[in-house]
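7 is the number of the first residue of the sequence shown in my numbering; add one for each residue after it.
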Amino acid sequence: MTFSIAAYDPDSASWGVAVASKCLAVGSAVPWGRAGAGAVATQALANLAYGDDGLELLGAGASAAATVERLTGNDSLRDQRQVGIVDARGAAASHTGSRCMHWAGGTVRDGFTVQGNLLAGPEVVDGMVAAYEASASEPFARRLLAAVRAGDAAGGDRRGRQSAALRVWQAGGSYGGGADRAVDLRVDDHADPVGELDRLLGLQELYFNRPDPATLLPLEGELAERVGVALAAIGYDPAAKGGLAPALDEWSGVENFEERMVPGKLDPIVWDILRDRAAQAAGGSADPGGSPRPGS
Numbered sequence: 007m008t009f010s011i012a013a014y015d016p017d018s019a020s021w022g023v024a025v026a027s028k029c030l031a032v033g034s035a036v037p038w039g040r041a042g043a044g045a046v047a048t049q050a051l052a053n054l055a056y057g058d059d060g061l062e063l064l065g066a067g068a069s070a071a072a073t074v075e076r077l078t079g080n081d082s083l084r085d086q087r088q089v090g091i092v093d094a095r096g097a098a099a100s101h102t103g104s105r106c107m108h109w110a111g112g113t114v115r116d117g118f119t120v121q122g123n124l125l126a127g128p129e130v131v132d133g134m135v136a137a138y139e140a141s142a143s144e145p146f147a148r149r150l151l152a153a154v155r156a157g158d159a160a161g162g163d164r165r166g167r168q169s170a171a172l173r174v175w176q177a178g179g180s181y182g183g184g185a186d187r188a189v190d191l192r193v194d195d196h197a198d199p200v201g202e203l204d205r206l207l208g209l210q211e212l213y214f215n216r217p218d219p220a221t222l223l224p225l226e227g228e229l230a231e232r233v234g235v236a237l238a239a240i241g242y243d244p245a246a247k248g249g250l251a252p253a254l255d256e257w258s259g260v261e262n263f264e265e266r267m268v269p270g271k272l273d274p275i276v277w278d279i280l281r282d283r284a285a286q287a288a289g290g291s292a293d294p295g296g297s298p299r300p301g302s
């Protein structure tokens, strides 16, 4: 009743699962993972114990294949289970029980596994594999989403659409760096869950991605003056806030841009948004600071 991908990205040392289904809140059941251990997608007549138990085995050094064998070996309902696993080293394995609802099956490749059941046909899995492999230059979360989007376009769950989820685990990858949940997005009940997941991932990237150091603008000279004018236009006048840095920090905190702030620098993405806010407050002026932003 579900199609999913579980994968490892060596470039970012991340593990992830993306999934979609015609059931409520698929993200509450299918995706499991832990940085440094691996990722598990448990589905069909899902045995949620495969999540924690699988991660314990993986964390102790078991391979994906050995973990699949251990999980399913003593399960009396193994013929109705489906699971895909990628281990700490990126090796992948999967199991599709003989009694999973047609069409059911999966494909294991280097670094990832794709599986699904009650699908429109094998083209769902084939499309997911092709999309993941074709998007190798994209960020890991985007590759996972591309796979699920391709599966959805190929017919996905033959009963229809309802929910989707995307999770990525990376050491220190969470907000503030205190946990390994780099991406944790769920769409529990929606007419277009994969499309909504795409929208949410865009917001995730806006609010929580750290800026590319090569793009940062020195917050000095003319740019500093213009930032001060823009902040004043939206109620964060540096003269009343103790200076430009405190005013900018207060505004960025209200807007949830903490992860994009770098002392003495300005992320151009944040600057564009600040300019837009100030322009709206000024009645639509292109830039309350005067001239186009540096680099535009």
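Beta carbons are placed, not taken as given, at the ideal position from N, Cα and C, and that holds for glycine.
{"Item": "Close beta carbons around K110, own chain, < 6 Å, minus the five adjacent residues each side", "Value": "Here residue 110 turns out to be Ala, not Lys, going by the sequence shown. Within the same chain, A110 has close Cβ partners T102 and N123."}
{"Item": "Proximity to Q286 [Cα-Cα], best of V120, V130, S141 and A238", "Value": "A238"}
{"Item": "Three-state secondary structure assigned by DSSP to V189", "Value": "strand"}
{"Item": "K247 in three-state terms, based on DSSP", "Value": "helix"}
{"Item": "Interface flag, R115 vs chain B, CB-CB below 8 Å", "Value": "Absent here is chain B; the protein component of the structure consists of one chain."}
{"Item": "V260, DSSP secondary structure in three states", "Value": "helix"}
{"Item": "Three-state secondary structure assigned by DSSP to W277", "Value": "helix"}
{"Item": "G178 (DSSP reduced to helix, strand or coil)", "Value": "coil"}
{"Item": "Continuous alpha helix (DSSP H) stretch holding G234: start and end", "Value": "G227 to A239"}
{"Item": "Within 8 Å, strictly: CB atoms of G42 and A94", "Value": "yes"}
{"Item": "Within the stretch 122-178, ranges of the alpha helix (DSSP H) (whole runs, at least 4 residues)", "Value": "128-140 and 146-159"}
{"Item": "3-residue-minimum beta strand (DSSP E) runs that sit fully inside the stretch 25-51, ordered along the chain", "Value": "37-40 and 44-50"}
{"Item": "Where the beta strand (DSSP E) containing Y56 begins and where it ends", "Value": "Premise fails: Y56 lies in the alpha helix (DSSP H), A55 to G65, not in any beta strand (DSSP E)."}
{"Item": "Where the alpha helix (DSSP H) containing D204 begins and where it ends", "Value": "P199 to F214"}
{"Item": "T48 versus S169: straight-line alpha-carbon distance, rounded", "Value": "15 Å"}
{"Item": "Three-state secondary structure (DSSP) of D15", "Value": "strand"}
{"Item": "Touching by the beta-carbon criterion (3+ pairs, under 8 Å), the stretch 72-82 and the stretch 149-165", "Value": "no"}
{"Item": "Alpha carbon of V74 to alpha carbon of G249, nearest angstrom", "Value": "58 Å"}
{"Item": "Top-ranked residue by Cα proximity to G112, from A126, G90 and G96", "Value": "G90"}
{"Item": "Cβ neighbours of Y56 in the same chain (closer than 8 Å, five flanking residues each side left out)", "Value": "W38, V46, T48, L77, R87 and V89"}
{"Item": "Cut-off 7 Å between Cβ atoms - residues of its own chain near S302, not counting five sequence neighbours on either side", "Value": "Residue placement at S302 is poorly supported in this model, since its pLDDT is 36, which falls under 50; the coordinates are not used for a value here."}
{"Item": "Contact under 8 Å by Cβ, D190 with K28", "Value": "no"}
{"Item": "A72: first and last residue of the uninterrupted beta strand (DSSP E) it sits in", "Value": "Taken as a continuous stretch (DSSP letters only), A72 belongs to no beta strand (DSSP E), being part of the alpha helix (DSSP H) at A70 to G79."}
{"Item": "Counterpart residues of A305 in DSSP-defined beta bridges", "Value": "Lying before the first or after the last residue shown, residue 305 is absent from the chain, which here runs from 7 to 302."}
{"Item": "Same chain only: Cβ atoms within 7 Å of S18, ignoring 5 sequence neighbours per side", "Value": "F146 and Q176"}
{"Item": "Per-residue burial, R192 [other beta carbons within 10 Å of its own, 16 or more giving buried]", "Value": "buried"}
{"Item": "Residue interval of the beta strand (DSSP E) (run including R115)", "Value": "G111 to R115"}
{"Item": "Nearest-angstrom Cβ-Cβ length linking L280 and A236, presumed shorter than 8 Å", "Value": "5 Å"}
{"Item": "Pairwise C-alpha distance: G179 and R173", "Value": "12 Å"}
{"Item": "L254 in three-state terms, based on DSSP", "Value": "helix"}
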